[in-house]
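These notes concern the structure reproduced below.
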């Protein structure tokens, strides 16, 4: 089944006379015929839903759909992308452990890694993703347990060389975790290039309409958790009467442990209604992503020819630093997000943004409506100048998220906003 069809038909399979649309199972609890059956649920020896902090039929259908879209053995939905990233790592990390992350990632993720996880005694080393393999290898330590990167970095728009990073991680017997939020599985499936775990902020393109928060973790089922580095998968879990995840769940050990141990204790599971809305977004994902990509490419070309724009980052552009990697990993398109810097001062960037009429200033991205953000003063304002530079963010950088409006209307809005700046610009026609 191809992904366009998976978006419509995977996850929920109605029987004879049942509703065509995914039902909302708005319940926290489930009834069983015997205490023995409930006991088996808590022993993880019987399938079923024990409590909606761990699973729910509506959410489970969406998890099954996303797992199929990514080509994984299972998925776990969360209340946000941040929760998905946190659980994906804490499922394998403990106090005293270390992991490596590329430096050009979302500012909130940098905070999670550098501040919050540090308080748990977990250390992160941030690495320039362009370094040669031998230099990256020097960053590994005996206690390194994972590697993390973003397929397309937010907001630097750099493209991760997934095969390179997967090879480095596997040479050190640790998994590669990839945030695939911007491309979505429609444009890139990291498992096909060696990634082991994928996370998403489903609040972005997967939902697409800016109506609810969410995240998801997807397990490829390919990583060998029995390689000696991860005793939490191969030794008894006393909180489940000594169950051994790799024995009982084999290649689904990682995602099962994430659900029944991490989600059980952290309680970051989404509601049935949130999953229902996410499913509506997933059903139209391929159609929307095609339009986002085509609109964004035209807008990026417009920005590139303007003398009022210092530089444009968009991997879909010919001549972009990451164009070759984009052709390899994202042949159908990259995403609808562009980063650019207005010529001159930071004030020029702000004046341009405030002059936009169709595009709105929002703390959001990957919406059906065009929106803009100034990362250095918002999502990344907590970072130091050094961290900003490492993340590819200049003081005047603008994140421009191209929506589904008519592209001529978007460009006309940009044109009139640029006209407010006291700089020369070339005329342009679509």
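In my numbering, the protein residues as written are 3 to 432.
Note that beta-carbon positions come from the ideal geometry of N, C-alpha and C, so glycine has one too.
Rounded to whole angstroms, the separation of the alpha carbons of residue 223 and residue 75 is 6 Å. By the beta-carbon neighbour count (other beta carbons within 10 angstroms, threshold 16), residue 118 is exposed.
With a contact defined as Cβ atoms closer than 8 Å, residue 176 and residue 146 qualify at about 6 Å. Between residue 220 and residue 97, the C-beta gap is not smaller than 8 Å, which leaves the two residues out of contact. Look at the segment 250-316 and you find these whole runs of alpha helix (DSSP H), each 4 residues long or longer: 255-259, 274-285, 287-307. DSSP lists 218 as the beta-bridge partner residues of residue 202.
In the structure shown, residue 109 adopts helical secondary structure according to DSSP, grouped into three states. Assigned with DSSP and collapsed to three states, residue 336 falls in coil, not helix or strand. Rounded to whole angstroms, the Cβ separation of residue 202 and residue 183 is 5 Å, and the two are in contact under 8 Å. If you draw a straight line from the Cα of residue 408 to the Cα of residue 11, it comes to about 30 Å.
Going by C-alpha positions, residue 206 is about 8 Å away from residue 366.
C-alpha of residue 186 to C-alpha of residue 36: approximately 42 Å in a straight line. Runs of the beta strand (DSSP E) lying entirely within the segment 125-155, each at least 3 residues long, are 125-129, 146-152 in chain order.
If you look at residue 104, you'll find it in the beta strand (DSSP E) that goes 100-104.
Following the DSSP letters along the chain, one finds residue 41 inside the alpha helix (DSSP H) bounded by residues 37-44.
When secondary structure is reduced to three states using DSSP, residue 77 falls in the strand class.
Between residue 218 and residue 79 the beta-carbon gap is near 5 Å, inside 8 Å, which marks them as a contact. The segment 104-120 and the segment 129-142 touch, with three or more beta-carbon pairs separated by less than 8 Å.
Rounded to the nearest whole angstrom, the C-alpha separation of residue 110 and residue 116 is 10 Å. By the 16-neighbour rule on beta-carbons within 10 angstroms, residue 123 is exposed. Three or more Cβ pairs closer than 8 Å define a contact, and the segment 315-326 meets that threshold against the segment 157-168.
Annotation: the segment 44-74 contains the following complete segments of the alpha helix (DSSP H) (minimum length 4 residues), in chain order: 59-72. In the DSSP assignment, residue 402 falls outside any alpha helix (DSSP H) and within the unbroken beta strand (DSSP E) covering 399-403. In terms of Cα proximity to residue 412, the closest of 99, 274, 296, 194 is 296.
Between the segment 279-293 and the segment 230-239 there are fewer than three inter-stretch CB-CB distances shorter than 8 Å, so the stretches are not counted as touching. Excluding sequence positions up to five before and after residue 57, its CB lies within less than 6 Å of the CB of 51, all in the same chain and listed in chain order. Residue 419 is positioned such that its CB atom lies no closer than 8 Å to that of residue 397. In the same chain as residue 303, and ignoring 5 residues on each side of it, the C-beta atoms closer than 8 Å to its own belong to 319, in chain order. Secondary structure note for residue 246: it is in no beta strand (DSSP E), with a DSSP letter that is neither H nor E. Apart from sequence neighbours up to five positions away, the residues of its chain that approach residue 174 with a beta-carbon distance below 6 Å are 142, ordered along the chain. In the DSSP assignment, the residues bridged to residue 341 are 315, 401. In this structure, residue 294 lies near residue 338, with their beta-carbon atoms less than 8 Å apart. Only residues of its own chain outside the window of five on either side were considered, and among them 76, 77, 220 have a CB closer than 6 Å to the CB of residue 69, listed in chain order.
Per DSSP, residue 9 is one residue of the alpha helix (DSSP H) stretching across 5-11.
With 16 or more other CB atoms across the displayed protein chains lying within 10 angstroms of its CB, residue 198 is buried.
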